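Engineer:
Protein chains in written order, with this note's numbering: chain W, 742 to 1081; chain V, 40 to 316.
1. With the cut-off set at 9 angstroms, would you say residue 1055 of chain W and residue 803 of chain W are in Cβ contact?
2. Could you tell me whether the Cβ of residue 947 of chain W comes closer than 9 angstroms to any Cβ of chain V?
3. Check whether the segment 991-1002 of chain W and the segment 1059-1078 of chain W touch, using three or more Cβ-Cβ pairs below 8 angstroms as the test.
4. What residue range is occupied by the uninterrupted beta strand (DSSP E) comprising residue 1041 of chain W?
5. Out of W:931, W:1063, W:944 and W:918, point me to the one whose CA is closest to residue 897 of chain W's CA.
6. Between W:905, W:923, W:872 and W:911, which has its C-alpha nearest residue 895 of chain W's C-alpha?
7. Would residue 1067 of chain W count as contacting chain V if we go by Cβ distances under 9 angstroms?
8. Using only the alpha-carbon positions, how far apart do residue 784 of chain W and residue 238 of chain V sit?
9. Residues of chain W with CB under 8 angstroms from residue 97 of chain V, in chain order?
10. Using a beta-carbon distance cut-off of less than 7 angstroms, what residues from the segment 214-239 of chain V approach chain W?
11. Would you verify that the beta carbon of residue 2 of chain V is, or is not, closer than 9 angstroms to some beta carbon of chain W?
12. Name the one or two DSSP bridge partners that residue 1012 of chain W has.
13. List the residues of chain W whose Cβ lies closer than 9 angstroms to the Cβ of residue 94 of chain V, in chain order.
14. Could one say the Cβ of residue 870 of chain W lies closer than 9 angstroms to chain V's Cβ atoms, at least one of them?
15. Put residue 1078 of chain W into one of helix, strand or coil per three-state DSSP.
16. Which residues in the same chain as residue 281 of chain V place their Cβ atom closer than 8 angstroms to its Cβ, once the five residues preceding and following it in sequence are excluded?
17. Name the DSSP bridge partner or partners of residue 1090 of chain W?
18. Could you check whether the Cβ of residue 1051 of chain W sits closer than 9 angstroms to any Cβ belonging to chain V?
19. One question on the structure: do residue 829 of chain W and residue 850 of chain W come within less than 9 angstroms of each other, judged by their Cβ atoms?
20. From residue 300 of chain V to residue 234 of chain V, what distance separates their C-alpha atoms?
21. Show which residues of chain V have a CB atom less than 7 angstroms away from the CB atom of residue 1083 of chain W.
22. To the nearest angstrom, report how far apart residue 988 of chain W and residue 302 of chain V are at their CA atoms.
23. Between the C-alpha atoms of residue 1049 of chain W and residue 977 of chain W, what's the straight-line distance to the nearest angstrom?
24. Quick check: what's the CA-CA separation for residue 1037 of chain W versus residue 948 of chain W?
25. Rounding to the nearest angstrom, what Cα-Cα distance links residue 1078 of chain W and residue 846 of chain W in this structure?
26. Three-state secondary structure (DSSP) at residue 958 of chain W?
27. By the criterion of Cβ-Cβ separation under 8 angstroms, what are the contact partners of residue 6 of chain V in chain W?
28. Is any beta-carbon of chain W found at less than 9 angstroms from that of residue 78 of chain V?
29. Would residue 49 of chain V pass as an interface residue toward chain W - the criterion being a Cβ-Cβ separation below 9 angstroms?
This is how it looks when you write it as structure tokens:
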């Protein structure tokens, strides 16, 4: 029996709660066409920056207010099945800044449910660890999900379905996605604001590496490294078609991210419908020029805008929250990224 | 297989091993043979066992197939073809440039999870276990695989998925990878070479209670004659956590059964079975 589905329903987790069976029947038409509609090329995009001093703040209200600020109508969410994709990379109890904070996940889940979502689930396929239960325990996310009765799906072990690679920046003609994606209406990237020693930065777009199942791509998902991380980020995003992004920049990571860097407080949550625009905004907050980040520059015109003039910044001004994240000169992907 | 479930060769192989480990004899023999035959039916023409027929490049279950077929005369031919596949397959390897950010020796051949990717600790460890139990301890590929694991051991002890230092920073170890690597290396290299890793793993098994990390932790220590005294209690505690995690899947339950029943690790357990046959 494969599907490692861990559910937080009815006070106990039933790992085999049949998400696929219960959700699958009425998905095929509406969900996918909706997702397809979210990927139209956008000439401009709205991105919201909200200050958040600590994780103990009411994150749900911040995200819920963000929907309104960004023009997301409740009718778009009502009755929809929402997949929240956090960034869980490695299980280390003393290194919480590696992963999306559990209270951001809780807040996002609550906001979507408050807006009328019929179901919210959290799904991730950690890139460096096969022991997702340990990830949940060490990160504290497991406890939060259990308390809130939010199901967790380990995407590394979910059977896959093959689709055409919509991006074709890599040589891969097809990608294998977890069937879980077919059973939801919105994929929401709930990422961490971090520097990255191969990609420059890891934000909402890079976070989607984690949807690719380990049973098909291994640990780490090394095929995408060989195909080029930048090109793979674009292919995965163009194929998965995420609908929304929320980036946890309350405490991010600077220096030698995504694992060995140091905590950096930026005190913000950044969100929006368009992932390149959200990530470009995050980069500017980090003191990084998004045009110097290869995959963000390449996303322009196909996946979304990254030019300052094409992004309608809402909430806080970038200048008021800019917090330069340390870059490491000897890391190739960091060189020359600093925003002047 | 439960209704609605899908066949997976890795889960089937672990179930075969676990049932054999429980020593229940004739009662389970039919189930074991049926599992072995199911894996055989999914074997590719070149000997590989892939995660599914639609994903032939994801051939990492091949080593598990060899372990499951171990001791079965009926499946000797399939086992032989799988061994041949492993011996002619390796992860990508290359001589790195002087300024590479990677500390490990990228030229050593091991095994990868999937086609055309680098060699990593877990598939290399499983392949070594499978080849050693098949009597190929001295094969050049096994010796090189062992060298790879030695090279990927973290300076402070333990293993992770397979990177040691990147841009001069030592990465974190993980208990499941460490237990698996120690299982593969037992009896091949002197204890002082893995002393730090044994200490790291001892410190982890006292606190982790998730099946993958605890299971491999116990198996790894057992392979070096250090199976923890409270193993039964820890596994019981781990099993009781299904109340909050939900029911463990076949692979996880099988791993815990093996950890419970193997006195000296997976390799020794399989070797003893061969001798007892």
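Think of the CB as a built atom: it goes at the ideal place given N, C-alpha and C, for glycine as much as any other residue. As the structure is a computational prediction, the values presented were derived from the model and not from experiment.
Structural biologist: With the given structure in hand:
1. no
2. no
3. yes
4. Counting along the chain, residue 1041 of chain W falls outside any beta strand (DSSP E), and DSSP gives it neither H nor E.
5. W:918
6. W:872
7. no
8. 57 angstroms
9. 956, 957, 958 and 959
10. 215
11. With chain V running from 40 to 316 in the structure shown, residue 2 of chain V is simply not present.
12. W:789 and W:987
13. 901, 903, 917, 956 and 957
14. yes
15. coil
16. 287
17. This structure gives no information on residue 1090 of chain W, because the portion of chain W shown stretches from 742 to 1081.
18. no
19. no
20. 24 angstroms
21. The first residue shown for chain W is 742 and the last is 1081, placing residue 1083 of chain W beyond what the model contains.
22. 47 angstroms
23. 24 angstroms
24. 13 angstroms
25. 29 angstroms
26. helix
27. What the structure shows of chain V is the stretch from 40 to 316, and residue 6 of chain V is not part of that stretch, so it cannot be assessed.
28. no
29. yes
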